[in-house]
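*Asks:* In short: position in the sequence shown from 1, add 101, done, that's our numbering. Just so you know, even glycine gets a beta-carbon here, dropped at the ideal spot from N, CA and C. Quick one: the structure is below, and I'll ask about it shortly.
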Amino acid sequence: MTGHELAALRKAAGLSQTDLAKRVGIGRHAVSYWENKPEVDLHAHAVSQMARVLPLPEPPSYSRESALWDESYAERLRERNRQHRARLMAQYAAAMERARARAEAITATRRVTCGAKTRKGTPCRMKSEPGKRRCKYHGGKSTGARTPEGKERIREAQRRRWSRWRACH
């Protein structure tokens, strides 16, 4: 049965979409929905409700005894269910992988309070470097000069600082 045939039956009964919907206890949009479908599912709830008022054909039976049920149909159903389960499992695995990757990304960029003991004896309140547990001052970020040129540059800066201090004091 098509949606046009359903609409024709409704009009032949002298009912508007709203009247039919009120009589059977469904929404007017449900009536409109089924009347615009190329094929009407006679097993659908709204359509079975409309069948109480309109002379709709009996829905086909899908019991094992009916002619519509055969082993090939049953096998197709089983195969469809297997494929559906496999799709769901793949979606679940992908969702779990995304969640794990998101958790790793959060852990890699998380910033916590440093908490290292300061010179005053209190815990440091600075935020840590992303993904680490200590701030830039307590986490070993600065390792000092390593090359001979860098070491000499630091020595020279210290000498200038001390000479300025001695000149003032």
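What separation, rounded to the nearest whole angstrom, lies between the Cα atoms of ALA246 and GLN259?
*Replies:* On the sequence shown, residue 246 is found 145 positions in, with the first residue counted as 1. On the sequence shown, residue 259 is found 158 positions in, with the first residue counted as 1. Using only the alpha carbons, I get a separation of about 13 Å.
*Asks:* Which residue comes first and which comes last in the alpha helix (DSSP H) that contains ILE207?
*Replies:* Locating residue 207 in the sequence shown gives position 106, where the first residue counts as 1. 172 to 210 is the span of the alpha helix (DSSP H), which, as asked, contains ILE207.
*Asks:* Considering ALA122, what are the terminal residues of the alpha helix (DSSP H) in which it resides?
*Replies:* Translated into the one-based positions of the sequence shown, residue 122 becomes position 21. That run of the alpha helix (DSSP H) goes 118 to 125.
*Asks:* Report the option in GLU253, HIS105, ARG256 and ARG254 whose CA atom is closest to the CA atom of GLU140.
*Replies:* Translated into the one-based positions of the sequence shown, residue 140 becomes position 39. With distances taken between Cα atoms, GLU140 lies closest to HIS105.
*Asks:* Assuming MET151 is part of the alpha helix (DSSP H), what are its boundary residues?
*Replies:* For this step, residue 151 is matched to residue 50 along the sequence shown. Looking at the DSSP string, the run of the alpha helix (DSSP H) that includes MET151 is 146 to 151.
*Asks:* How is LYS252 classed by DSSP in three states: helix, strand or coil?
*Replies:* Here residue 252 refers to the residue found at position 151 when the sequence shown is read from its first residue. If DSSP states are grouped into helix, strand and coil, LYS252 belongs with the helices.
*Asks:* Could you tell me whether the segment 232 to 241 touches the segment 249 to 259, where touching means 3 or more Cβ pairs closer than 8 Å?
*Replies:* no
*Asks:* Determine the contact status of ILE127 and ALA114, defining contact as a CB-CB distance below 8 Å.
*Replies:* Looking up residue 127 in the sequence shown gives position 26. Looking up residue 114 in the sequence shown gives position 13. Not closer than 8 Å, so no.
*Asks:* Can you tell which of LYS233, CYS269, LEU157 and CYS215 has the C-alpha that lies nearest to the C-alpha of ALA206?
*Replies:* Within the sequence shown, numbered from 1, the residue matching residue 206 stands at position 105. The shortest Cα separation from ALA206 among LYS233, CYS269, LEU157 and CYS215 belongs to LYS233.
*Asks:* DSSP three-state call for LYS112: helix, strand or coil?
*Replies:* Residue numbering aside, residue 112 sits at position 11 when the sequence shown is read from its first letter. It is helical.
*Asks:* Output the distance between the C-alpha atoms of ALA196 and ARG183, rounded to the nearest integer angstrom.
*Replies:* Position 95 of the sequence shown, counting from 1, holds the residue named residue 196. Position 82 of the sequence shown, counting from 1, holds the residue named residue 183. Taking the straight line from one Cα to the other gives about 20 Å.
*Asks:* What first and last residue would you give for the alpha helix (DSSP H) that runs through ARG129?
*Replies:* For the purposes of this step, residue 129 is identified with residue 28 of the sequence shown, where counting begins at 1. Looking at the DSSP string, the run of the alpha helix (DSSP H) that includes ARG129 is 129 to 136.
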